Amino acid sequence: MDKKDQKAANIKQSIQQHGNPKDKEVRAEASHLKRAILEIIASGVASTTEDLERFVNCTLFSCEKQRPFRFDIESLNQGSSLRQKHRHHGQPASSEEDPEAESDPISACVRFLLKYEFIRLQQHSTTGESLLVATQLGGACLAASMAPRDGFLLFSELQKARNCFVLETELHAIYLVTPYSVAYQWQNIDFLAYLERFEGLPEAMKRVGELVGIREAFLVKALRASAKAAEDHQAMQIHKRFYTALALQELVQEKPLSDVAAQFKCTRGMLQSLQQVAATFAGIVTAFCTSLNWNLLALIVAQFRERLFFGIQQDLLDLMRIPSLNGQRARMLFNGGVTGVVELASCDALRVERILLDCLSFQTEQKREGEDEYEARKRLSLRNLYVTGRAGLTVQEAARLLVKEARMYVQLETGVNNPDWQEESQEVVVAEQEESRTPAEVEVTKEVKAPVPEQEPASENMFSSPASEPQSDPPTAAAASFEVSSTDSKQDIECFHNSLIMNFSHVLNDSKVVTGSGGKYDQLSIVDLCASADLFHKFQQLLASSTTISISFGVSQFTRSRSVIGGNLLVNQKSKSEQDEIERNYRTVMEDGTYLSGVAFTLPQDSDPDQPDNAVFYLNLRKDSEIKCNLKQDLIRKLFTREDLTIDMFDAKDQLKLAHKGGLLDLKQEVVVSVRDPKVACWLLQAEDKVIPLQAMVQQYCPEMTAICQLAGRSPGSTGPASNCGSAIDAKIRCTVESFLVHHLLLSQLDHFTTQDRPQDMTATFTSREMPIHVALARMELVGFPADGAKLGALIARLKAAKERIAERVRQLNGGRKLDFGSTREVAAVLKVPKDRNGRARTSRQVLERIDSPLAALVIAWRKIDSNLSRTIEPLGRGIVGGRRIYGSSYCFTSTGRISMHEPNLQTVVKDFRVEIEPGTVEMFSCRGTFACEDSSKVLISADFCQLELCVLTHLSQDRKLLAVMKSGKDVFRGIAAKWNHIEDEREVSDELRNYTKAIVYGVIYGMGARSMAAELNVDEDTARTLMEQFHATYPEIRRYAEKVVQVTRERGYIETLTGRRRYLPAIHSTDSTKRSEAERQAVCTTVQGSAADILKNAILRMARNLRKYRERLALGEVELVLHMHDELIFEAPRDQARKVGKILKSSMENCANLSLPLRVKVKSGPSWGELVEIQV
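Positions 1 to 1177 (the UniProt record's numbering) are the ones given, in order, by the sequence shown.
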């Protein structure tokens, strides 16, 4: 048989095995239609044949078929006759292959649902009309979110289990909650180990296997790789499910995940995935059984949802209600005698601490011989307990946290506020006093104390706290509470209490250190400024006399309504009405479905003696309050135009952007107020660490406020709680807590500045450079970078077409075979790349450039185009708003101080590049050319420092030869190359030698090693090492300077930039040579790169000051910073004022730092980023 006949035979066999693709499509459509019909019948939307017909004719299914459908009860009888006819001709019509399914799909689907008892026909008692009603089985499918076919399979399996259920082992229940999808997830099974494991199972487990369909004969066939075993898909699925159930049973018996993975020869990640999927499926099966009123089976299955999720036995289910407990720690407490949440809540924290310590191996807290202080702290930190969302907790902190969470849980379960927990030593006395009460009353009284009586009405002073408050002992570990002022409405008070109760999980997941000792910061008073006009006006007077204030904008979100087929119409209507109400009552709605619901203000306590302790003022931004929206907006705008005021905000850059997007601020109005951000202050105090969230800052700088911090809930990443619109906690609570915390955080952080060496330098760095930069960047991100969406789309199309042409060209050169450009093995085989000493072939750009082959050049070109497309161009194309501008996001919290960007990242846009696809035909792609000013009267102006980092290195090292070259004003790298290689005429320096010199110079600046330098220069390591040594021999002061920097860093523990900003490097004292060498490299790198970053920041601020200074004098138009790019700044300005603005920009940048050599700046201008040309100013 020739190849053509063989191919035809294979296609025919495939169709016989898997069916016609068109038939599959028809069956898929019928399956979706069955579920849709079942949903509308069960929800009561359609109960008559007319309703059903109307629904189907309104679906996309009807539009796709391009014909209306008709349905009545008689069509069911006609369908039955048609099926009988097919049976008479020997053509059985199954439920999935109904011969009438395509001609009359409604009748076919209804017949299927009737046949398998998902729905039933019911006669109307008055009219006699036939109605379609869902059965319990149909309701169970919907409750479990299952398709009818899958629901019937589950029903059959559960019904079989009810007839014969093995209770001697948990394996049968675990098998029932093992999802069907494991047959596709668990591809490779060692059937020999499977057979041995099955033969060694206890009789009860074997009986479970036999009941579900496990056969040793099938395992033997699979072991021998029999084709018949592989073709029996249903049997293979059953055996894989049972194998997975065996693994899951080991997990719920609390065996370590790594041990189970080793036993079943799979990865830990795969087991974790199966564990989570099975826990979800257990919930589905439970809901299915409950809907069928199979309550006993539901009770058996329900426990496995939590047990599979946590991997625990049943006796730990009660303890696992505590969020900070995992299975291992819960077992520790259980074995120590703490068997439930109530008992944990009644425990003393010392007892819990003792239990946790007894389960850990003993470690001395003293320094060992030959161990320094840093290593001792690191060793002891390994004993810390790690909880999701928190840093390592000490055993004492963990014990307090667990007791506190247990008490809060019991408090919310019983509904008793502010309980007074009794210690274990007092429990006997309490029990004796309660002998006369009922057992239930005694149990509750042992756990909590009665709530505090309601407060008396407030005094007449609108800022004072309530006139009389009952005095009681502070709870030992209760969370902080709010004291709601008399100016809050009933609705606000009710909303607050609901948010606290409904969001218990948010409150629990925040704090690391539990204060619990009561004191000054256990209450927070909220003053509603919209309660009366007099209150609002008095607050305005307070603001006018204040010089410092903390502000926080509360962000909420609403779900935009959308219609769902088969959904509840009432729910959709309610969602739409809520959306309309928000848009009608708030002016601050933003495009992403969020809105500013209010603003919180915290003033210094000494600003008004009449205000209550810990007072926070809240301004509701709703329109329907007594205070008009214009007055609220004017209040906020005036604050940001006061030069004598300092505003404290958490994540100030993003908060300023929110205020602009919400309409509270306007870009036409410049922000001149001084801004402070505790996030920036924390970064300055510990620049080596990652940015930590607000909760961690509170624990570090204001631990006495940890309890109050809990009430704001947990925030993702380093976002503040006020901006966390995804939280279910009310925005009023989140922003008031944040405002209060920020005020006290900054006071504490400024005190920390005073404990540093030269505190005036640290304070000046914070207030005079770092904070103004955040304000300038916020404005830059709001203005956006000009972009032409049409040009960018055309460029993307050209790049994709070029990729296809390169792939076709490579196929021709490769003998008609396609090449996988991303496969290192395939590219290496085609290009015959030799393997290295490790037996690996590398196909990096440096390796391919050495190969003299057109295929290698095409591979480099294809990869370059693909990298630019996937990583830069296409993400930027998706980020363009309205086809006109793109709005980036800057990130300032890097270890060196460099300003980077997040997606969309404009800093990664490459310069113009050329690609030769056909011999002699070169095509150029200009990515930057697509970023052009929409208004022809405007241009882009670029100002770029010339070799800024090299200038910094020259200034710091004071190398005379390097100073002479840098001051000459000629090509720096040609001058260095000439001096280094003893070439008298710089014009004789080749481009290759210049590039070599440039790579070596920047390699020295970045602390590059010999291996990295060799890869960059395409030379071997010995040559690279020799070149670096020659450079150091020519400029010896550079090495001496680096050694001096390392010595100073060892003495102080930190290094400073030119402006006094510090970076702490504790690893400089490490005994690990690798870590110590990395810290030494970072010390030198920070002085150069960090100082260059500070100079660029100074340039941004100096330019902003000069624009304000000369705007009126020179009649300047709109001049905006639109992009920062390493050592380059790009502004958008009027075309006719380009030279004037360029001159101010050049002067600002060249005079922003006082170095021992002049800074040189190159100015360019053009209508687009890719068409910038140098101009003389």
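Note that CB positions come from ideal geometry on N, CA and C, so glycine has one too. Because the structure is a prediction, the values reported are computed rather than measured.
Neighbourhood of residue i by C-beta, 7 Å cutoff - its chain only, sequence neighbours within 5 removed
{"i": "Ser532", "result": "Glu626"}
{"i": "Phe1131", "result": "Ile941, Val1119, Glu1120, Leu1121, Val1122, Val1141, Leu1145"}
{"i": "Phe539", "result": "Leu529, Phe617"}
{"i": "Ser937", "result": "Pro1134, Arg1135"}
{"i": "Ala173", "result": "Ile300, Val301, Phe304"}
{"i": "Glu423", "result": "For Glu423, the predicted structure reports a pLDDT of 45, less than 50, and the residue's modelled location is therefore unreliable. A value from the coordinates is still provided. Same-chain partners within the cutoff: Asp348."}
For residue i, three-class secondary structure by DSSP
{"i": "residue 1178", "result": "Any question about residue 1178 goes unanswered here, given that the chain covers just 1 to 1177."}
{"i": "Asn585", "result": "helix"}
{"i": "Asp944", "result": "strand"}
{"i": "Met236", "result": "helix"}
{"i": "Gly209", "result": "helix"}
{"i": "Val810", "result": "helix"}
{"i": "Val182", "result": "helix"}
{"i": "Ile733", "result": "helix"}
{"i": "Ala712", "result": "coil"}
{"i": "Ile886", "result": "strand"}
{"i": "Phe482", "result": "Confidence is the limiting factor: at Phe482 the pLDDT is only 39, short of 50, which leaves the residue's position unreliable, though a coordinate-based value still follows. Reduced to three states, the DSSP call for Phe482 is strand."}
{"i": "Gln686", "result": "coil"}
{"i": "Leu524", "result": "strand"}
Distance, residue j Cα to residue i Cα
{"i": "Arg307", "j": "Tyr595", "result": "40 Å"}
{"i": "Glu50", "j": "Cys109", "result": "16 Å"}
{"i": "Arg974", "j": "Gln958", "result": "20 Å"}
{"i": "residue 1191", "j": "Gln253", "result": "For the chain, the structure presents residues 1 to 1177; residue 1191 sits outside this window and is missing."}
{"i": "Gly793", "j": "Gly877", "result": "7 Å"}
{"i": "Tyr891", "j": "Ile860", "result": "32 Å"}
{"i": "Ile189", "j": "Arg241", "result": "12 Å"}
{"i": "Leu319", "j": "Leu325", "result": "8 Å"}
{"i": "Ala828", "j": "Leu667", "result": "55 Å"}
{"i": "Gly1060", "j": "Val1084", "result": "15 Å"}
{"i": "Cys121", "j": "Ile214", "result": "Note that residue 121 is Leu in the sequence shown here, rather than Cys. About 40 Å."}
{"i": "Leu813", "j": "Leu819", "result": "10 Å"}
{"i": "Tyr243", "j": "Asp259", "result": "16 Å"}
{"i": "His233", "j": "Val277", "result": "21 Å"}
{"i": "Gly1170", "j": "Asp912", "result": "7 Å"}
{"i": "Glu826", "j": "Ile238", "result": "39 Å"}
{"i": "Asn163", "j": "Cys63", "result": "46 Å"}
{"i": "Glu353", "j": "Asp592", "result": "47 Å"}
{"i": "Met780", "j": "Cys141", "result": "53 Å"}
{"i": "Leu402", "j": "Leu171", "result": "33 Å"}
Residues near residue i by beta carbon distance below 8 Å, same chain, minus five either side
{"i": "Arg54", "result": "Ala46"}
{"i": "Val1001", "result": "Leu950, Phe973, Ile976, Phe1031"}
{"i": "Phe766", "result": "Arg676, Val680, Ala681, Leu684, Phe753"}
Cβ shell of residue i (< 6 Å), same chain only, five flanking positions each side left out
{"i": "Leu1155", "result": "His955"}
{"i": "Gly1090", "result": "Thr896, Gly897, Thr1057"}
{"i": "Lys623", "result": "Asn585, Cys629"}
{"i": "Ala144", "result": "Ile284, Ala287, Phe288"}
{"i": "Leu948", "result": "Ala1092, Asp1127"}
{"i": "Cys725", "result": "Val555, Ser556, Gln557, Thr594"}
Whole-Å CB distance - residue i paired with residue j, under 8 Å assumed
{"i": "Ile119", "j": "Ile41", "result": "6 Å"}
{"i": "Gly151", "j": "Ser291", "result": "At roughly 10 Å, the Cβ-Cβ gap does not stay under 8 Å, so Gly151 and Ser291 are not in contact."}
{"i": "Asn614", "j": "Ser525", "result": "6 Å"}
{"i": "Phe931", "j": "Phe785", "result": "6 Å"}
{"i": "Leu869", "j": "Gly888", "result": "Not confirmed; about 19 Å, so no contact."}
{"i": "Lys803", "j": "Ile865", "result": "5 Å"}
{"i": "Phe650", "j": "Leu603", "result": "Not a contact, Cβ separation roughly 17 Å."}
{"i": "Ile647", "j": "Ile549", "result": "6 Å"}
For this session: Just list the alpha helix (DSSP H) runs in the stretch 267-347, keeping only unbroken ones of 4 residues or longer that don't cross its boundaries, in chain order.
Result: 268-291, 295-310, 327-335, 341-345
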